[in-house]
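Enquirer:
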Amino acid sequence: MNHSASKESENDGAVPTWQLASLPVMQRHTEAYIDEQLLPQQRIEAGGPPQRVSLSSFPAPIRYIGYAVVYGIPLIVLVLILISLFK
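Set out below in structure tokens:
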């Protein structure tokens with residue numbers, strides 16, 4: 142058996158990186174992954190696919206801090222931009 146022939150057969154199913162960039166995160170992860178036997182364990186370890194955080198499920202103090210960050214920081218940046226424009 143030719144050593145170079147075995148290398149070619151291993152890379153036949155590989156997806157180029159530039160094609161992976163346009164795929165969703167979980168599909169990109171599964172397309173580029175080599176050992177499919179470990180893939181379910183890695184999904185469990187990572188907590189599944191990325192999910193949106195619901196602030197209403199947090200306790201009140203943490204929720205208020207979250208609201209301050211989400212709405213306060215962009216508001217401060219907007220005010221600073223307006224101040225710098227009119228100065």
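Sequence positions in the sequence shown follow our numbering and run 142 to 228. Using N, Cα and C, we set each Cβ at its ideal position, and we do this for glycine too. Note that the structure is predicted; figures quoted are calculated from it, not measured.
(1) With Arg204 and Leu196 assumed to form a contact (beta carbons below 8 Å), what rounded beta-carbon distance in angstroms separates them?
(2) Does DSSP put Val194 in a helix, in a strand, or in coil?
(3) In whole angstroms, give me the CA-to-CA distance for Leu221 and Glu177.
(4) With DSSP collapsed to three states, give me the class of Pro200.
(5) Please report the distance separating the alpha-carbon of Ser198 from that of Gly207.
Expert: The short version:
(1) 5 Å
(2) coil
(3) 50 Å
(4) coil
(5) 12 Å
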